[in-house]
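Input: a single structure, listed below in structure tokens.
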Amino acid sequence: MRVLLFTGKGGVGKTTAAAATAISCADSGLRTLVMSTDPAHSLADSFDVCLSTEPTDVARGLWAQQLDAQERMEESWAEVRDYLVDVFNWAGADGLEAEELSVIPGLDELFSLTDIKTHARSGEWDVLVVDCAPTAETIRLLSMPDVLSWYMERVFPLGRRVNRLVGPVLSRVSSLPVAGDNVFGATRRFYDQLDGVKDILGDPATTSVRLVVNPERMVIAEARRTYTYLSLFGYRVDAVIANRLLPTAVNDPWFKKWKDLQAEHMASITEGFDPLPVLRAELAETEIVGADRLRAFAGEVYGPRNPAEPMHTSSPMIIERVDTGYRLRLELPFTDRGDLDVGRVAGELLIRVGPYRRSVMLPDSLSRREVRSASLKNGVLTVTFGGSPRRRGA
Ligand SMILES: Nc1ncnc2c1ncn2[C@@H]1O[C@H](COP(=O)(O)OP(=O)(O)O)[C@@H](O)[C@H]1O
Ligand SMILES: [Mg+2]
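Position one of the sequence shown corresponds to residue 0 (numbering that gives the first Met the number 0), numbered consecutively onward.
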């Protein structure tokens, strides 16, 4: 079973790439389901069919589904939300405000992850293709299993015990709403649902993330940041898809400057994501809609490769927590020769090994920690960061 996640900045071609990959997997005989977590219904537009919140048959061996995060949330979270509304009301928020406060940002999207898990475990599918929302939301979403399990492990068991003990007393002395067992039950069920999600999405043999970019400065910068964050949370990116390249057939002088600029950006994509493969697709004459156009797009992107297989197996960047802080391990396609220089400028780690230079966008959590040490061994650079972040401006 494979799970392929597509993400990137808005409008770069995520849905197109996801739909094309899915149809190509189905054509090769794999039972494939493509799902969209993006509330904009562009997956349906891409296939030019109507989709619902249940898998719909769209081509031979291919099903597509528009996940309805809101609906899923209502199903599993209603009891907890009602309780939170009571608490906020009690604390003095008025009705509407309490209702709003009770919605944890991003929580609705999180329920789409539980759908992924259900499908992955069902044994019905060979490939799950997920068309994710634009990057910022995706990152927040993918970091939530970690954040929530941290919270649940520390707060939940304790919260429950305390609640059991003080519940009756509290409700007598004050009117603080006490969570009933239904609330704990719902929280626990939700947590259990979420529990295996990280196991599936964090397992590189199962899940690959593909970053879709266009040869434009801002898009590339965002994708590089995404790449770092995904590595930080333990997700494996296996390829970059550079979409909307001006076709080689276009040689009108008016486009000359654009072409030069794109070539420059392509060089920075290749360098910035090295050693990940960079797959390419040219800008087509018209929008890419319908199965046949999607097949052609997949052919262009993957060529002879099997889109279901991991495109790259090693892990170019790993960020892990260690006792003393964080450790960043970076595969550098450099030799061990030459001296090593590691510096940091405005949230980027600048690495120089002999004549080679490389920069890595650091996530906020690392950019404010001091660099403790850096070493290069067997083509792997290890940088350790201190335990507590420096104050901003310090
Ligand atoms: N290589 C391409 N050539 C022409 N049109 C494209 C190409 N890639 C995407 N499009 C079109 O651009 C629009 C946005 O693409 P989409 O895949 O929905 O982006 P995203 O999901 O990243 O927002 C769609 O109408 C799609 O058909
Ligand atoms: Mg889309």
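Every residue gets a Cβ at the ideal spot worked out from N, C-alpha and C, and that includes glycine.
Remember, predicted model here, so these are calculated numbers, not experimental data.
Checklist entry - Any idea what DSSP makes of residue 112, helix, strand or coil? => result helix
Item to check | residue 70 beta carbon less than 8 Å from that of residue 185 | outcome: no
Item to check | Of the residues 260, 273, 272, 245, the one placed nearest residue 216, counting alpha carbons only | outcome: 260
Checklist entry - Under a three-way DSSP split, which group does residue 31 fall into? => result It is a strand residue.
Next on the checklist: Is residue 21 close to ligand 2? I mean its beta-carbon at under 7 Å from any heavy atom of the ligand.
Outcome noted: Residue 21 Cβ: outside cutoff for every heavy atom of ligand 2.
Checklist entry - Between the C-alpha atoms of residue 245 and residue 328, what's the straight-line distance to the nearest angstrom? => result 36 Å
Checklist entry - Among residues of its own chain, excluding the 5 on either side of residue 372, which ones have a beta-carbon nearer than 6 Å to its beta-carbon? => result Annotation for residue 372: 383 place their beta carbon closer than 6 Å to its own, counting only its chain and skipping 5 residues before and after.
Item to check | Stretch-stretch touch, CB-based, cutoff 8 Å, three pairs: the region 1-11 with the region 195-215 | outcome: Yes, since at least three Cβ pairs between the region 1-11 and the region 195-215 fall closer than 8 Å, the two stretches touch.
Next on the checklist: Once DSSP output is grouped into helix, strand and coil, what is the label at residue 22?
Outcome noted: helix
Checklist entry - Are residue 262 and residue 22 closer than 8 Å when you measure CB to CB? => result no
Checklist entry - Across which residues does DSSP place residue 317 in a beta bridge pair? => result Note: residue 317 sits in a beta bridge opposite 328.
Next on the checklist: In this structure, how does DSSP classify residue 342 when only helix, strand and coil are distinguished?
Outcome noted: strand
Checklist entry - So residue 31 and residue 12 are in contact, right, with Cβ under 8 Å, and what is the actual spacing, rounded? => result So it is not a contact: roughly 19 Å between Cβ atoms.
Checklist entry - Are residue 193 and residue 243 closer than 8 Å when you measure CB to CB? => result Not in contact: residue 193 and residue 243 (Cβ atoms no closer than 8 Å).
Checklist entry - For the putative contact between residue 326 and residue 381, defined by C-beta atoms under 8 Å, what is the C-beta separation to the nearest angstrom? => result 6 Å
Checklist entry - Any heavy atom of ligand 2 closer than 7 Å to the Cβ of residue 85? => result Incorrect: residue 85 has no Cβ contact closer than 7 Å to ligand 2.
Item to check | Span of the beta strand (DSSP E), counted from its first residue to its last, around residue 254 | outcome: Looking at the DSSP string, residue 254 is not in any beta strand (DSSP E), and its letter there is neither H nor E.
Next on the checklist: With H, G and I counted as helix, E and B as strand and the rest as coil, what does DSSP make of residue 88?
Outcome noted: helix
Item to check | Rounded Cβ spacing between residue 330 and residue 313 (contact assumed at less than 8 Å) | outcome: At roughly 6 Å, the Cβ-Cβ gap stays under 8 Å, so residue 330 and residue 313 are in contact.
Next on the checklist: Suppose contacts are defined by Cβ-Cβ distances below 8 Å. Is residue 126 in contact with residue 29 by that definition?
Outcome noted: yes
Checklist entry - Does the beta carbon of residue 14 fall short of 7 Å from some heavy atom of ligand 2? => result yes
Item to check | Any non-hydrogen atom of ligand 2 within 7 Å of residue 313 CB | outcome: False, no ligand heavy atom lies under 7 Å from that Cβ.
Item to check | Rounded Cβ spacing between residue 278 and residue 300 (contact assumed at less than 8 Å) | outcome: 5 Å
Item to check | Rounded Cβ spacing between residue 37 and residue 114 (contact assumed at less than 8 Å) | outcome: The pair is not a contact, with the Cβ atoms about 14 Å apart (cut-off 8 Å).
Item to check | Terminal residues of the alpha helix (DSSP H) in which residue 39 lies | outcome: First-last for residue 39: undefined, no H or E at that position.
Next on the checklist: With H, G and I counted as helix, E and B as strand and the rest as coil, what does DSSP make of residue 307?
Outcome noted: coil
Checklist entry - When you compare only the Cα positions, how much space is there between residue 252 and residue 264? => result 19 Å
Checklist entry - Among residues of its own chain, excluding the 5 on either side of residue 388, which ones have a beta-carbon nearer than 8 Å to its beta-carbon? => result 364, 367, 368
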